[in-house]
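K.L.:
Here the protein sequences line up with chains A and B, keeping their order. Residue numbering for the first sequence follows my numbering, beginning at 1144 and increasing consecutively. Residue numbering for the second sequence follows my numbering, beginning at 1002 and increasing consecutively. Where is the CB? At the ideal position from N, CA and C, for every residue including glycine.
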Amino acid sequence: SQTIHQWPATLVQPVGSPLSLECTVEGTSNPNLYWYRQAAGRGLQLLFYSVGIGQISSEVPQNLSASRPQDRQFILSSKKLLLSDSGFYLCAWSVRDRGEQYFGPGTRLTVT
Amino acid sequence: ILNVEQSPQSLHVQEGDSTNFTCSFPSSNFYALHWYRWETAKSPEALFVMTLNGDEKKKGRISATLNTKEGYSYLYIKGSQPEDSATYLCALANYGQNFVFGPGTRLSVLP
């Protein structure tokens, strides 16, 4: 069966510090991968998605970047965090575009 | 960009009550509509996928309908239980755009 892992579960970082969140998927090959963010009081916002190694599409301009160094690994990064980067970050995968998405446990990021 | 709205924003019901909430969208130009349940401290869990106008899906006490002509989907919960307390998310899978999520409806079922 397929599983998706995210770490860390929680993170408190000062403004201006770098960020690296990791997501890995097991039990499937060539998944579509997604990064979402839920800011306080708001819905889920798609940040990045990837259909293959090295292929990243950004949905909104922001202080973040994503990379996919391996087929089942998706990394969310920032060189310098802003207060507005605080939120709950979810990684998800799907078998194909527009198919059902399966979510990881999420990372709660607080930028102080 | 497709705009997905959900109402109400939050809802409190008594255990045993039946309830429903709405997902609305301005266009029927999408591939599928998904409902997810998101419990606190857990990952969103897929409930239903619907693609055709008039689709109806049911899982236990929860059911959903889709009306693409009038631009809405309803989620119904019959005989609400405390374990139904969660945020219910609606998402549209649009052609060439991936998912667009609504803001969710937060349901609290009081014992």
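1) Using a cut-off of 9 Å between C-beta atoms, extract the partners of Ala1065/B located in chain A.
2) Pop quiz: Thr1250/A and Leu1164/A are said to be a contact at Cβ under 8 Å. What is the actual Cβ separation, rounded to whole angstroms?
3) Chain A partners of Phe1100/B, CB-CB under 7 Å?
4) Looking only at its chain, what residues have a beta carbon closer than 7 Å to the beta carbon of Pro1027/B, apart from the 5 residues adjacent to it on each side?
5) Alpha carbons only, please: which of His1013/B, Leu1012/B, Glu1016/B, Thr1023/B is nearest the one belonging to Arg1076/B?
6) List the residues of chain A whose Cβ lies closer than 9 Å to the Cβ of Leu1090/B, in chain order.
7) Please look up how many angstroms separate the CB atoms of Gly1170/A and Ser1193/A, rounded, as I've assumed it's under 8 Å.
8) So what does Tyr1073/B bridge to, in DSSP terms?
9) Does DSSP classify Leu1053/B as helix, strand or coil?
10) Measure from the C-beta of Leu1219/A to each C-beta in chain B and report whether the shortest distance is under 9 Å.
11) Are Val1110/B and Val1014/B closer than 9 Å when you measure CB to CB?
12) When you compare the region 1199-1210 of chain A with the region 1224-1231 of chain A, are there three or more beta-carbon pairs, one atom per stretch, that lie closer than 8 Å?
13) Pop quiz: Leu1190/A and Tyr1179/A are said to be a contact at Cβ under 8 Å. What is the actual Cβ separation, rounded to whole angstroms?
14) For the region 1147-1159 of chain A against the region 1050-1059 of chain B, are there 3 or more C-beta pairs whose distance is under 8 Å?
15) DSSP beta-bridge partners for Ala1087/B?
16) Against chain A, does Gly1072/B count as a neighbour if the rule is that its beta carbon must be under 9 Å from one of theirs?
17) Out of Gly1080/B, Gln1010/B, Ser1025/B, Thr1069/B, which one is the CA nearest neighbour of Leu1053/B?
18) Near Thr1066/B, what residues of its chain come up, given a Cβ to Cβ distance below 6 Å and the 5 sequence neighbours on each side ignored?
19) Between the alpha carbons of Thr1255/A and Lys1223/A, how many angstroms are there, rounded?
20) Count the other CB atoms, across all protein chains shown, that sit within 10 Å of the CB of His1035/B; report buried if there are 16 or more and exposed otherwise.
21) Hey, is Ala1087/B's beta-carbon within less than 9 Å of any beta-carbon in chain A?
P.N.:
On the basis of the coordinates in this document:
1) Those within 9 Å of Ala1065/B in chain A number zero; the least Cβ separation is about 14 Å.
2) 5 Å
3) Leu1189, Gln1244
4) Asn1004, Gly1072
5) Note that residue 1076/B is Leu in the sequence shown, not Arg. Residue Thr1023/B is the option with its Cα nearest to Leu1076/B.
6) Here the neighbours are Gly1186, Leu1187.
7) Not really, about 18 Å apart at Cβ, beyond 8 Å.
8) Ser1025/B, Asn1068/B
9) coil
10) Not an interface residue.
11) With respect to Val1014/B, Val1110/B sits close: the two C-beta atoms are nearer than 9 Å.
12) yes
13) 6 Å
14) Because the criterion of three Cβ pairs below 8 Å is not met, the region 1147-1159 of chain A and the region 1050-1059 of chain B do not touch.
15) Leu1108/B
16) no
17) Thr1069/B
18) Glu1057, Tyr1075
19) Thr1255/A and Lys1223/A have their alpha carbons spaced roughly 12 Å apart.
20) buried
21) no
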